[in-house]
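Basically the working numbering = 1-based index in the sequence shown + 4.
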Amino acid sequence: MKIKYLDLQAINDSYGQPLLDAVNGVVKSGWYLHGCETEAFEAEWGDYCGARYSVGVGNGLDGLKLVLQAMKIMYGWADGDEVIVPANTFIATALAISQVDLRPTFCEVNQDDALICCDEIYLQGLVNERTRCIIPVHLYGQTANLQKIYEFASKHKLQVLEDACQAHGAKCSYKGQRTCVYSFYPGKNLGALGDGGCVTTDNQEVAKLVRNLANYGQNIKYVHDYQGFNSRLDEIQAAVLRVKLRRLDADNKRRMEIAGFYQDNLPGNEKYEQNTQLTDVRSEKIANQLDLKNDGTNVFHIYPYITNSRKDMQKYLFENGIETQVHYPIPCHKQKAYSMYGNVFLPNVEYLAAHELSLPNSQILTDEQVNYIVKTIVRYFDLNEDYVK
Ligand SMILES: *Cc1c(COP(=O)(O)O)cnc(C)c1O
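Given below as C-alpha cells:
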C-alpha cells in the first residue's frame with residue numbers, strides 16, 4: 005500500500021465538478037480581483053468564524069504582517085517593539101513580526117500539548133516596557149488556551165493576534181473580541197488552488213486598516229494614506245474556497261475520526277497502555293504522547309506522533325509505503341535566519357523539534373489506509389524491542 009502524506013490531487017478531485025465550475029465561472033466572468041466572489045467568500049468565512057469583520061488577503065504571512073502593521077499604526081508602536089511568539093511554529097509567524105520591524109520574543113510551549121506556555125510567572129518574565137503583543141499559534145489545529153492568554157494580555161496591556169493558519173473551524177469557548185489570521189495554502193484544512201489568506205476580527209479599526217494596507221494604503225483610488233502592501237485574495241481562489249467551505253465541517257469531522265483512531269490504537273497513548281497488555285519493557289521504549297483534545301477544539305491539521313526513534317521510524321514507514329513529515333525540525337530560534345537568538349534555550353520546544361513525526365491525516369484517507377498505518381507502526385515497535393537506549 006502507498007499512502008502519501010498529503011494527496012492534494014485526490015483531495016481536490018473529491019470536490020468534483022462544482023470546483024471546476026467555480027474556476028470556469030471566474031475565467032469566463034472577465035473579473036479577477038476585488039470582485040463578487042471575494043466579497044461573498046469574505047462574508048461567508050466571517051460568518052463561519054463568528055467574526056464581525058473579514059478581510060481576504062494574499063496569504064497567511066501577509067495576513068499576520070498586515071495586522072501587526074495596522075496595530076503598529078493604531079497604537080503607535082515603535083520599530084523594535086516586542087512581540088511574544090512560541091518558537092515551535094512555522095517560520096511565517098516570526099517573519100511577520102520581523103518584516104514590520106518589530107522584534108520576536110521567542111517563548112516556550114507546554115510539554116503536554118505543544119501550545120504556547122500560559123504559565124503566568126513564566127510569561128511575565130518575558131514582558132518588558134517594549135512588549136506590545138502576544139501571538140498564540142493554534143498549532144496542529146488545536147485551539148490555544150485563549151482565556152488565559154487574553155487575561156494575561158489585558159493585565160499587561162498587550163494586544164493579542166491569533167495565528168489560526170492551522171486551525172480552520174476549531175471550536176473555541178472564549179467569547180471576547182478576537183483577531184485571527186488564516187492561511188488557505190493548498191495543504192491547509194481549507195486550502196485554495198494557490199495562495200490565499202484571511203483576517204477575521206471583531207475590531208472595526210483593525211479591519212479597516214488591514215483592508216487599506218492590503219490595497220496599497222489607499223481607500224480612494226490613487227490617494228495613499230499609508231505606505232501599504234499589495235495583498236489580495238483573488239477571485240479564482242475565493243470561488244474555490246466557497247465550494248470547499250461547504251464541506252469543511254464534514255472534512256474536519258473525518259480528520260477527528262482518524263485522529264481518534266490513532267489515539268485509541270497507537271502505542272504511547274495512555275488508553276493503549278490501559279486497554280492492552282503493553283509490556284513494561286515496551287512502554288519504556290515508546291515516548292509519551294501529547295495530550296491531544298478530540299472534542300472539536302482540535303481540527304487535527306497535523307497529527308503529531310512523539311517518538312524516541314524518529315529517523316528509524318520514518319525510514320521504516322517510508323519503506324512500507326507511508327509518507328510522513330516533521331513539524332518542525334528546527335525551531336525558529338535555532339534557524340540561521342534568527343542566529344542572533346543563538347543562546348536562547350527552550351527545552352520543550354527543542355524536545356518537540358527532535359521527537360515529533362507527523363502521520364498522514366486528511367479527509368480522504370480510508371479506514372483501510374488508517375488501519376494499515378497503525379498496524380505498521382505497531383509492527384515497527386515489535387521489531388525494534390531493544391531500540392531505545
Ligand atoms: C501556513 C502557516 C502560515 C503561513 O501561511 P502562508 O499562507 O503560507 O503564508 C503561518 N503560520 C502558520 C502556523 C502556518 O501553518
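Just so it is clear, CB atoms sit at the ideal spot from N, CA and C, and this is done for glycine as well.
- Between residue 327 and residue 101 a beta carbon distance of about 32 Å is seen, past the 8 Å cut, so the two are scored as non-contacting.
- Between the alpha carbons of residue 99 and residue 315 lies a distance of about 28 Å.
- Buried is the label assigned to residue 146, since at least 16 other Cβ atoms lie within 10 Å of its Cβ.
- Of 88, 119, 163 and 161, the smallest CA-CA separation from residue 130 is found for 88.
- In the structure shown, residue 42 falls within a helical segment according to DSSP collapsed to helix, strand and coil.
- Taking the CA atoms as reference points, residue 348 sits about 36 Å from residue 256.
- Residue pairing by DSSP puts residue 222 in a beta bridge opposite 228.
- Beta-bridge annotation (DSSP): residue 201 is paired with 61 and 187.
- Per DSSP, reduced to three states, the secondary structure at residue 302 is strand.
- For residue 228, same chain residues with a beta-carbon under 7 Å away, outside a window of 5 residues either side, are 220, 221 and 222 in chain order.
- Nearest C-alpha to residue 65 among 53, 165 and 337: 165.
- Counting other Cβ atoms within 10 Å of its Cβ, residue 177 stays below 16 and is therefore classed as exposed.
- Secondary structure remark: continuous alpha helix (DSSP H) runs of at least 4 residues inside the segment 59 to 119, in chain order: 64 to 79 and 95 to 103.
- Distance from the CA of residue 76 to the CA of residue 10, rounded to the nearest whole angstrom, comes to 37 Å.
- The beta carbon of residue 269 sits closer than 6 Å to those of 378, all from its chain and outside the five residues before and after it, given in chain order.
- The secondary-structure analysis by DSSP pairs residue 308 across a beta bridge with 362.
- A distance criterion of 7 Å places the beta-carbon of residue 117 beyond contact range of ligand 1, judged by its closest non-hydrogen atom.
- The residues 197, 240, 243 and 244, in chain order, have a CB closer than 8 Å to that of residue 27 in the same chain once the five nearest residues on each side in sequence are set aside.
- In the DSSP annotation of this structure, the continuous segment of the beta strand (DSSP E) that includes residue 135 starts and ends at 135 to 138.
- Taking C-beta atoms as the reference points, residue 173 and residue 193 count as a pair closer than 8 Å.
- Straight across, the Cα-Cα distance linking residue 299 with residue 63 is about 28 Å.
- Excluding the 5 residues flanking it on each side, residue 211 has same chain C-beta neighbours closer than 7 Å at 57, 59 and 205, in chain order.
- Across the structure, residue 143 and residue 84 are spaced so that their CA atoms are roughly 26 Å apart.
- Nearest Cα to residue 201 within the set 61, 350, 117 and 365: 61.
- Under DSSP, residue 164 shares a beta bridge with 138.
- From the listed residues 324, 375 and 308, the smallest Cα separation to residue 333 is found for 308.
- Between residue 96 and residue 68, the gap from beta carbon to beta carbon is short of 8 Å.
- Scanning the segment 320 to 374 for uninterrupted beta strand (DSSP E) segments of 3 residues or longer gives 360 to 363, listed from N- to C-terminal end.
- In the DSSP assignment, residue 260 falls within the unbroken alpha helix (DSSP H) covering 252 to 269.
- Its chain contains 87, 100, 101, 104, 106, 137 and 165 as the residues whose beta carbon lies nearer than 8 Å to that of residue 72, once the 5 sequence neighbours on both sides are disregarded; these appear in chain order.
- Comparing C-alpha distances from residue 189 to each of 341, 182, 159 and 237 shows the shortest one belongs to 237.
- From the listed residues 253, 335, 354 and 266, the smallest Cα separation to residue 367 is found for 253.
- If you check the CB distance, residue 345 and residue 110 come in under 8 Å.
- Contact check for residue 302 against residue 380 fails: the beta carbons are separated by 8 Å or more.
- For residue 189, the distance from the CB to the nearest heavy atom of ligand 1 is below 7 Å.
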